[in-house]
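Working notes, structure below.
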Amino acid sequence: MQINGIPISTDYRVHVNGVSAPVYIMPTRYGMPYLNGQPMSFYGGEPWHQPMYFVCADIPGPVPVSVELGFLTDGEIRTVTAHPLSRGIAVNREGTRVSFTVDQPGTVTLVVNGDHRTRPLHLFFSPPVEAAPEDAIVFGPGFHDLGYDKPITLTDGQTLYLASGAWVEGLIRANGARNIRIMGRGVLAQRRVGSEHYSGCASAPAGIVLSDCQDVSISGIVETRGIGGWCSMLSNCDRVMVRDYHVLASVVWSADGFNPCNSRDVTLERCFIRSGDDAIAIKGNTGGNVLTLPHIPPSTQPPVENILIRNCVFWSDHNEVIVIGCETRARYIRNIRISDCDVIFHYAHEGLGVFGIIPLHGTEISDIVYENIRVEHCEEQVFCFRFLDNIWGIPGDQSFPGGISNVTIRNVTVLYQKDGPRSEFTGYGPDKRIETVRIEGLRYGDKPVTDAAGMGLRKNEHVAEVSYQ
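Residues 3 to 471, numbered by the numbering used here, are exactly what the sequence shown covers, in order.
Printed below as a string of structure tokens:
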């Protein structure tokens, strides 16, 4: 149901520290009925026609949480687990009611009966919110329908504040701005206008687009997207901090969570991203339309450098969790670090991976680190490093020089991978190779990986210097 335009559900009833918290609902959809002549069921689409739910709450410290599961009877509930498992949250159940204690801000996802695809509840616990600056653009509690044709536009020094309880249907834009902030505890949403809520089947402009900006802060808000297209995008930006940012993008495909493109010195921390496509895609896509040939040389485009992703939680319903690519039109892409993160659930099509390096255009990609990562449930490959000439109708260009080098995979644990361990390193040719990949402390459950067979690695003759410790 909707209350004053805001989608609210009674399937779950949640109390945080004894206070009732509204439960928002998002039905999940495919963004198109057919792809490559095949119905979506061909790609495993039917299981995703299930709603997802979320709750937002500020907590000052440890608090009790209780959740009533209104859509099931006691006999239908076998297990309720709290994720990420690394938080070690013990869930107590009495009938259809579960309770647990949250000791600090962060995200908790409840999964019923071990079924990730059916009615998960995402709870976003944030530290007490900072007050809005006096000169901020403020949207207070309630429903605000701005549409797609009049985005909120930020200029130098401005702050946009979405208050707790605010639901803003609209877009955010900034071009060449310095020292801007997007903050608060409200929801920024994009839904298909003029039809049943979250029906998909169309695309719309990205929710947040920041171009040529410097010194940017995004914190505390939730972004939901029930229509095709990216949630947020940086284009040629510098010095961006993203903290406590929560994304739920319910449409498969194209609903990427957060895409830093041709940008530098970008940090994401304590974020949660559930996407119908890539959760994060680190791209080089300046230089005009990617469909236009001949391609502009990547060496002429702004580089990608110093991207840090840490203490985040991810869930990808239908593509990679973090990918470098596929568009790689950048002078170089280097110094990318993914650290101390959890992957609750991952499903990819066409054999892609949880973590991918997928160059579509020739450029040098180097100094990539994956460390201290827990993968709870994976249904495709874990690592997929592969060069492509085209993908999904987008032409690539491998005539430009490039390669992948100096990659570290350290202390990564995979708890479950459907059909057993498998990953892929596929170089393009003798002059475009994958080389110097260090694998240290990779584990499947309690079993350490000491060789290629242990991780089910497929590689070709254009891969060199893969070591195991």
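Where is the CB? At the ideal position from N, CA and C, for every residue including glycine.
Have a look at the options and flag the residue whose alpha-carbon is nearest the alpha-carbon of residue i.
i    : options                : result
Y141 : R241, V189, A257       : Note that residue 141 is Phe in the sequence shown here, rather than Tyr. Minimum Cα distance to F141 is reached at V189.
G278 : V110, D399, G231       : G231
T120 : G90, A206, M28, V93    : M28
F56  : R435, S252, N261       : S252
V100 : T452, I184, R15        : R15
S256 : L162, S22, S234, R241  : S234
C343 : N374, Y334, D246, V323 : N374
P24  : C58, N6, G7            : C58
F347 : F102, V93, L112, T103  : L112
Y185 : R445, C215, H124, H248 : Going by the sequence as given, residue 185 is Met instead of Tyr. Checked all of R445, C215, H124, H248; the closest Cα to M185 is H248.
V82  : R336, P107, D117       : D117
N408 : R435, V439, F389, G395 : V439
N308 : E136, S368, D433, S221 : S368
R412 : G395, V451, I335       : V451
P53  : L459, T226, H85        : T226
Helix, strand or coil, according to DSSP, for residue i in the structure here?
i    : result
G456 : helix
T428 : strand
L148 : coil
G33  : Residue placement at G33 cannot be trusted, given a pLDDT of 46 that sits under 50; the coordinates are not used to answer.
S301 : helix
S128 : strand
E48  : Interpretation of E48 is limited by its pLDDT of 47, a score under 50 that renders its predicted location unreliable; the figure taken from the coordinates is listed afterwards. Looking at E48 - three-state DSSP - the assignment turns out to be helix.
D217 : strand
E475 : Examination of residue 475 is not possible in this model, given that the chain is present from 3 through 471 alone.
Buried or exposed for residue i, please, with buried defined as at least 16 other CB atoms from any protein chain shown within 10 angstroms of its CB.
i    : result
P122 : buried
R193 : buried
D258 : buried
A133 : exposed
D280 : buried
E382 : buried
A455 : exposed
G63  : exposed
S128 : buried
Could you spell out the range, first to last residue, of the beta strand (DSSP E) harbouring residue i?
i    : result
Y55  : 53-60
S256 : Here S256 belongs to no beta strand (DSSP E), and DSSP marks it neither H nor E.
R333 : Unbroken run through R333: none, as it is neither H nor E.
L269 : Correcting the residue identity first, residue 269 is Thr in this sequence and not Leu. Residues 266-271.
W317 : 315-318
N177 : 174-177
G355 : 355-361
T103 : 99-104
H17  : 14-18
G159 : First-last for G159: undefined, no H or E at that position.
H85  : 82-85
query: Taking contact to mean at least 3 C-beta pairs separated by less than 8 Å, is the region 377-395 in contact with the region 410-421?
result: Touching, yes, given that three or more Cβ pairs across the two stretches are closer than 8 Å.
message: Tell me whether the region 317-330 and the region 63-80 touch, counting them as touching only if at least three CB pairs, one residue from each stretch, are closer than 8 Å.
response: They do not touch, by the three-pair rule.
- prompt: If we count Cβ pairs, one from each stretch, closer than 8 Å, do we get three or more for the region 266-274 versus the region 238-248?
  reply: By the Cβ rule, the region 266-274 counts as touching the region 238-248, because three or more pairs are nearer than 8 Å.
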